[in-house]
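Visitor: What follows is a single structure, and I will ask about it in a moment.
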Amino acid sequence: MKKITIAIDGHSSTGKSTLAKQLAKTLNYIYIDTGAMYRAVTLFAMQQGFITSDTFDADQLVANLNHVFLSFKFNEDLGFAEIYLNDENVEDKIRSIEVSNFVSKIAEVSAIRTKLVQQQKKYGIDKGVVMDGRDIGTVVFPDAELKIFMTASAEIRAERRYLELQEKSPNITFDEVLKNVVERDKIDSTREDSPLIVAENAVMIDNSNLTKEEQFNLILDLAHKAI
Ligand code: C5P
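See below:
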């Protein structure tokens, strides 16, 4: 059967990765979480001390990018590929609020984007890939056969993320999460390099009032039509 490329972009915490994982599993495609790649570079910058409480040394990080090796390894039990930073599984560490609070500033740096986009394009060479992020339909795979743009109200997105984060960070407040979601969207949508915009031919899905199942069936149907 013909294989296609599926690009899923959209605002923060719209459930892109849950949906993309499910879609990849059903179609027997590979799934790549590009947000995890930007998060892993952010974690690297933190570990190396390039990030202090509210600033970071972009030049130093860029000069050390050749020490950042990112890879994905499929976890049979979880059913998706987890991200490794220099051979360490960092899937959990990259989801902290500290990383979330800084990642969009790291993602503004063009040299970082160039490195990651190059790697992302390679994953799509044979098609049969579902990739989610902010610039997949516009920059990474502008020729993707199916492009989805996901959004939902900021409050609903923050509420979902807040519930998700509570296990890992019990002290986190809803307002903190809402602030992070709104700020990330603002930086992501207004940056100069590869801003978050709706790609040409993308299907826009506002999932504020859709159940996960309704949304999944809608997108699976679009995928079948595109294959
Ligand atoms: O998808 P996730 O919310 O984990 O992404 C974290 C951040 O990484 C985003 O807020 C954005 O700043 C950045 N990002 C990006 N381009 C992508 C994927 C993520 O700039 N393709």
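In my numbering, each number is its position in the sequence shown, counted from 1, plus 3. We put the beta carbon where it would ideally sit given N, CA and C, even for glycine. Just so we're clear, the structure is a prediction, and the values are computed from it rather than from any experiment.
With a threshold of 16 other CB atoms inside 10 Å of the CB of T55, please say whether the residue is buried or exposed.
Guide: T55 comes out exposed.
Visitor: Which residue's Cα is closest to the Cα of N31: D135, D80, E91 and G131?
Guide: Comparing Cα positions, the closest option is G131.
Visitor: With three or more C-beta pairs closer than 8 angstroms as the rule, is the stretch 151–169 touching the stretch 196–214?
Guide: Yes, the stretch 196–214 touches the stretch 151–169.
Visitor: Could you spell out the range, first to last residue, of the beta strand (DSSP E) harbouring T8?
Guide: Unbroken beta strand (DSSP E) run through T8: T8 to G13.
Visitor: Is S172 near the ligand C5P, judged by its Cβ being under 7 angstroms from some heavy atom?
Guide: No.
Visitor: Going straight from the alpha carbon of A66 to that of M4, what length do you get?
Guide: Approximately 44 angstroms between the Cα atoms of the pair.
Visitor: Within 10 Å of its beta-carbon, does L81 have 16 or more other beta-carbons around it, so buried, or fewer, so exposed?
Guide: With fewer than 16 Cβ atoms within 10 Å of its Cβ, L81 is classed as exposed.
Visitor: Rounded to a whole number of angstroms, what is the C-alpha to C-alpha distance between N104 and L166?
Guide: So the alpha carbons of these two residues sit roughly 17 angstroms apart.
Visitor: Comparing the CB of S107 with every heavy atom of the ligand C5P, is any distance shorter than 7 angstroms?
Guide: Checking the Cβ of S107 against the ligand C5P gives yes.
Visitor: Please report the straight-line C-alpha distance between K189 and K108, rounded to a whole angstrom.
Guide: Answer to the nearest angstrom: the Cα atoms are 11 angstroms apart.
Visitor: Quick check on the DSSP output: the beta strand (DSSP E) that includes D209 runs from which residue to which?
Guide: Where D209 is concerned, the enclosing beta strand (DSSP E) stretches over V206 to D209.
Visitor: Go through the stretch 43–120 residue by residue and report every complete run of the alpha helix (DSSP H) that reaches 4 residues or more, in order.
Guide: Fully enclosed alpha helix (DSSP H) runs of 4 or longer: 61–66 and 100–109.
Visitor: Would you please state the rounded distance, in angstroms, between the beta carbons of A157 and V201? I believe it to be under 8 angstroms.
Guide: The pair is not a contact, with the Cβ atoms about 17 angstroms apart (cut-off 8 angstroms).
Visitor: If you draw a straight line from the alpha carbon of F83 to that of K24, how long is it in whole angstroms?
Guide: So the two alpha carbons sit approximately 7 angstroms from each other.
Visitor: Which residue comes first and which comes last in the alpha helix (DSSP H) that contains V184?
Guide: Segment F177 to T193, the alpha helix (DSSP H) holding V184.
Visitor: Checking the sheet assignment: what are the DSSP bridge partners for T154?
Guide: Beta-bridge pairing links T154 to D209.
Visitor: Between which two residues does the alpha helix (DSSP H) holding I222 run?
Guide: Residues K215 to A229.
Visitor: Compare the Cα-Cα distances from F47 to each of A61, I35, Y126 and Y34 and report the closest residue.
Guide: That would be A61, whose Cα lies nearest to the Cα of F47.
Visitor: Pull up the DSSP beta-bridge partners for I35, would you.
Guide: I35 is bridged to M134.
Visitor: Note down, in chain order, each residue of its chain lying with its Cβ closer than 6 angstroms to the Cβ of L168, except the 5 sequence neighbours on either side.
Guide: Correct list, in chain order: I175.
Visitor: Classify H14: buried if its beta carbon has 16 or more other beta carbons within 10 angstroms, exposed otherwise.
Guide: Per the 10 Å Cβ criterion, buried.
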